[in-house]
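Residue numbers for the sequence shown follow our numbering, beginning at 1381 and rising by one. For glycine and all other residues, C-beta sits at the position ideal for the given N, C-alpha and C. Computed from a predicted model, the values in this text were never measured in an experiment.
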Amino acid sequence: MKTLRLILGDQLNSNHSWFQSDNSQVTYVMMEVRTETDYVTHHIQKVVGFFAAMRNFAQELIANNHAVIYIKLNDADNLQSFDLNINQLISKEGFDKFEYQLPDEYRVDQLIKKWCEAVNIPTEAFDTEHFFEERDGLGNFFHAKKTFLMETFYRHIRKKHGVLMDADQPRTGKWNYDQDNRKKLPKNHKPNLPLEFENKVEQIFEEIQLAKIKTIGTINDKRFLWPINREQSIVLLDYFATEFLSHFGDFQDSMTPAEWSLYHSRISFSLNTKMLSPLEVINRVIFEWESNQGKIAFNQVEGFVRQIIGWREYMRGIYWLKMPEYESLNFFGHKEKLPDWFWTGGTKMNCLKHSINQSLDFGYAHHIQRLMVTGNFALLAGVNPDEVDAWYLGVYMDAIQWVEITNTRGMSQFADGGIVGTKPYVSSAAYIDKMSHYCSSCYYQKNKKTGDKACPFNSLYWNFYDKHEAKMDKNPRIGMVYNLWRRMKPESKRELIEQAKFYLENINDL
């Protein structure tokens, strides 16, 4: 049977069972289409990175004797959507069957399902063979439960898959070392330089410019630093394991204007495009620890493994359990627009200036910059979660909706009302100063709550809790905040609310 198989841009798994044998009746199709470049405004490095990785993968398949049709962005016969291009190929080439791997985005999943229901040839869906758990794994595990605690799911996966386990007990006797992984980077501490590749992507960049695709951010198209194939992804993983793992856990929450990646692996783009598998990633890290137990403390390893098989698997499970309703949740009813400087980095707040400019320069920021700087401010400012979703989904290299929206609308903005996080993740300047070196050189004064040059985070923090007291005062994790607020003098409260009001009214000037 003459079969057409679709490979999406985030399905670059060369170890998939599809590719383990030659079949002269099978043709693979990959395509660069405007429906994917235009549904949100993406970072230019993200678009270039996906296209470069896709083209490399197609060449790899061809080198391994697989038949491949690759539709480039500006090809004359590109109809600019998956369904229209597939229809055209079936009509032109006479395919008898269509096969695809299950998409990780609900939007694409529904598109292909709808097309399959209407087409007059047999169709078949296959698993991507990437994740530890199937789409409905979390839903089945928490069946009939009202809460979905990540830590519980994380322990379940470790037991089920035997990760860092001694029989049914965790190695070292302790499940979670999060308390050990919250250190501020010492002032004179200098991490090793991050590994950056020198991929030349001028042609892809020119094609994107020719197509007039709207993008954000900057790019060095003659020295593109991200991995664009499996070989480079493995090199980046090895570099992390040998050079950065020994300090990863300690400083994974640290922030500094002097370093853009610190001890982070930066393999999320490779993972989310499936050039790397989560199993090989954690196996590589565990092997490094086992080979250097005198040099690498266990908290460094556990913190990393928890991100891969804890948060990553958990967020995907929540996504498939709660979509499509999840993308419209807005617990606080927030309606404001993102400040203009989210698109330029032009703010006097040092933490936001550095985190945003880093995002625009590299398409990257680590999880605490996303959660406790940009996300924190957006939540305190009452920004519509639709706006926050669109920004995060567009600006980051690794952002695909299944992992972006649960972290943004859930963890960061608490728009889901507590499905993902048990409390809103907001803070005043105190936390940012505790974990970073941003505040000492800032235009605003971290210890000042009101008055000229008072840090906006301080008044916005109390304004947020005051505004949403009716929805949150029963939350057991933030009772102490309301106890402090209620003990404040009325004039102090009034000054904080007035200061916050002034900042919100003049938000684009901050």
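Would Phe-1577 and Phe-1604 be called neighbours here (beta carbons separated by less than 8 Å)? Position 197 of the sequence shown holds residue 1577. Position 224 of the sequence shown holds residue 1604. Yes, the pair counts as a contact, with Cβ atoms nearer than the cut-off.
Leaving out five residues before and five after Met-1530 in sequence, what residues of the same chain have Cβ atoms less than 7 Å from its Cβ? If you number the sequence shown from 1, residue 1530 lands on position 150. So the qualifying residues of the chain are Gly-1690, Trp-1691, Tyr-1694.
Between the beta-carbon of Gly-1801 and the beta-carbon of Met-1777, is there less than 8 Å? Here residue 1801 refers to the residue found at position 421 when the sequence shown is read from its first residue. Here residue 1777 refers to the residue found at position 397 when the sequence shown is read from its first residue. No. Outside cutoff.
Nearest-angstrom Cα separation, counted from Lys-1881 out to Thr-1830: Along the sequence shown, one-based indexing puts residue 1830 at 450. Along the sequence shown, one-based indexing puts residue 1881 at 501. Whole-angstrom Cα-Cα distance: 11 Å.
For Arg-1686, does the three-state DSSP call read helix, strand or coil? Counting from 1 along the sequence shown, the entry for residue 1686 is found at position 306. Arg-1686 carries a helical assignment under DSSP once its states are collapsed to helix, strand and coil.
Nearest CA to the CA of Asp-1769: which residue from Ile-1593, Ala-1761, Asn-1787? Here the question's residue 1769 lines up with position 389 in the sequence shown. Each of Ile-1593, Ala-1761, Asn-1787 was checked against the Cα of Asp-1769, and the nearest Cα belongs to Asn-1787.
With Met-1410 as the anchor, note down where its beta strand (DSSP E) starts and where it stops. Mapped onto the sequence shown, residue 1410 falls at position 30. Looking at the DSSP string, the run of the beta strand (DSSP E) that includes Met-1410 is 1406-1411.
For the putative contact between Ile-1466 and Trp-1495, defined by C-beta atoms under 8 Å, what is the C-beta separation to the nearest angstrom? Looking up residue 1466 in the sequence shown gives position 86. Looking up residue 1495 in the sequence shown gives position 115. Rounded, the Cβ-Cβ distance is 7 Å, consistent with contact.
Backbone CA spacing between Lys-1472 and Ile-1501 [nearest angstrom]: Indexing the sequence shown from 1 puts residue 1472 at position 92. Indexing the sequence shown from 1 puts residue 1501 at position 121. Those two C-alpha atoms are separated by around 14 Å.
Any idea if Phe-1667 is buried or exposed, counting beta-carbon neighbours within 10 angstroms, 16 or more meaning buried? Indexing the sequence shown from 1 puts residue 1667 at position 287. With fewer than 16 other Cβ atoms within 10 Å, it is exposed.
Which of helix, strand or coil does DSSP assign to Asp-1813? Taking the sequence shown and counting its residues from 1, the one referred to as residue 1813 is at position 433. In this structure, Asp-1813 counts as helix in the three-state DSSP scheme.
Would you list the residues sitting across from Leu-1386 in a DSSP beta bridge? Translated into the one-based positions of the sequence shown, residue 1386 becomes position 6. In the DSSP assignment, the residues bridged to Leu-1386 are Val-1409, Tyr-1480.
Between which two residues does the alpha helix (DSSP H) harbouring Glu-1504 extend? Along the sequence shown, read from residue 1 onward, the residue named residue 1504 stands at position 124. For Glu-1504, there is no enclosing alpha helix (DSSP H); the enclosing beta strand (DSSP E) covers residues 1503-1506.
Does the beta-carbon of Met-1860 have 16 or more other beta-carbons within 10 angstroms, so that it is buried, or is it exposed? Counting from 1 along the sequence shown, the entry for residue 1860 is found at position 480. Burial is judged here by how many other beta carbons sit within 10 angstroms of a residue's own beta carbon; Met-1860 has fewer than 16 and is exposed.
Between which two residues does the beta strand (DSSP E) holding Ile-1887 run? By 1-based counting over the sequence shown, the position of residue 1887 is 507. Going by DSSP, Ile-1887 is part of no beta strand (DSSP E) at all; its letter is neither H nor E.
Whose C-beta lies closer than 6 Å to the C-beta of Met-1434 among residues of the same chain, with five residues either side of it excluded? Residue numbering aside, residue 1434 sits at position 54 when the sequence shown is read from its first letter. Excluding the 5 residues flanking it on each side, Met-1434 has same chain C-beta neighbours closer than 6 Å at Gly-1389, Met-1410, in chain order.
Alpha helix (DSSP H) containing Ile-1614: first to last residue? Walking along the sequence shown from the start, residue 1614 turns up at place 234. For Ile-1614, the enclosing alpha helix (DSSP H) stretches over residues 1610-1619.
Who are the near neighbours of Leu-1718 in its chain, counting only those whose CB is closer than 8 Å to its CB and skipping five residues on each side? Looking up residue 1718 in the sequence shown gives position 338. Once the five neighbours on either side are set aside, the close Cβ partners of Leu-1718 are Ala-1758, Val-1763, Glu-1767, Val-1768, Trp-1771.
Run the proximity test for Phe-1511: is its beta-carbon closer than 7 Å to any non-hydrogen atom belonging to the ligand PLP? The ligand PLP is absent from the structure shown, which contains no ligands of any kind.
Validate contact between the region 1560-1580 and the region 1695-1705 using beta carbons, cut 8 Å, 3 pairs: The region 1560-1580 vs the region 1695-1705: no contact.
Alpha carbon to alpha carbon, how far is Ala-1795 from Leu-1876? Taking the sequence shown and counting its residues from 1, one reaches residue 1795 at position 415. Taking the sequence shown and counting its residues from 1, one reaches residue 1876 at position 496. Straight-line Cα distance between these residues: approximately 24 Å.
Less than 8 Å separating the beta-carbons of Val-1806 and Tyr-1862? Position 426 of the sequence shown, counted from the start, is the residue given in the question as residue 1806. Position 482 of the sequence shown, counted from the start, is the residue given in the question as residue 1862. 8 Å or more divides the Cβ of Val-1806 from the Cβ of Tyr-1862.
Where does Tyr-1450 sit, in a helix, a strand or coil, going by DSSP? Taking the sequence shown and counting its residues from 1, one reaches residue 1450 at position 70. Of the three classes helix, strand and coil, the one that applies to Tyr-1450 here is strand, per DSSP.
Are the beta-carbon atoms belonging to Trp-1721 and Asn-1888 less than 8 Å from one another? Taking the sequence shown and counting its residues from 1, the one referred to as residue 1721 is at position 341. Taking the sequence shown and counting its residues from 1, the one referred to as residue 1888 is at position 508. The Cβ atoms of Trp-1721 and Asn-1888 sit closer than 8 Å to each other.
For Tyr-1824 versus Met-1752, is the C-beta distance shorter than 8 Å? Position 444 of the sequence shown, counted from the first residue, corresponds to residue 1824. Position 372 of the sequence shown, counted from the first residue, corresponds to residue 1752. Result no, Cβ atoms of Tyr-1824 and Met-1752 do not sit closer than 8 Å.
Work out the CA separation of Lys-1803 and Ser-1613 for me, nearest whole Å. Counting from 1 along the sequence shown, the entry for residue 1613 is found at position 233. Counting from 1 along the sequence shown, the entry for residue 1803 is found at position 423. Taking the straight line joining both Cα atoms gives about 35 Å.
Using DSSP's beta-bridge definition, name the partner residues of Asp-1546. Your numbering for residue 1546 matches position 166 in the sequence shown. Asp-1546 has Gln-1549 as its beta-bridge partners, per DSSP.
Which residues DSSP lists as bridging His-1396, in chain order: Here residue 1396 is taken as the residue at index 16 of the sequence shown, counted from 1. None; His-1396 has no bridge partner.
Cβ pair Phe-1684, Val-1665 closer than 8 Å: As a first step, residue 1684 is located in the sequence shown; it is residue number 304 there, counting from the start. As a first step, residue 1665 is located in the sequence shown; it is residue number 285 there, counting from the start. With respect to Val-1665, Phe-1684 sits close: the two C-beta atoms are nearer than 8 Å.
Does the count of Cβ pairs from the region 1434-1448 and the region 1469-1486 closer than 8 Å reach three? Under the three-pair Cβ rule at 8 Å, the region 1434-1448 does not count as touching the region 1469-1486.
Rank Glu-1582, Ser-1404, Lys-1382 by C-alpha distance to the C-alpha of Gln-1425 and give the top, closest one. By 1-based counting over the sequence shown, the position of residue 1425 is 45. Residue Glu-1582 is the option with its Cα nearest to Gln-1425.
Near Leu-1469, what residues of its chain come up, given a Cβ to Cβ distance below 8 Å and the 5 sequence neighbours on each side ignored? Counting from one through the sequence shown, the residue named residue 1469 turns up at place 89. Only Leu-1384, Val-1409, Ile-1449, Phe-1475 meet the Cβ criterion.
Element boundaries [alpha helix (DSSP H), containing Met-1434]: On the sequence shown, residue 1434 is found 54 positions in, with the first residue counted as 1. Here the alpha helix (DSSP H) through Met-1434 covers 1424-1443.
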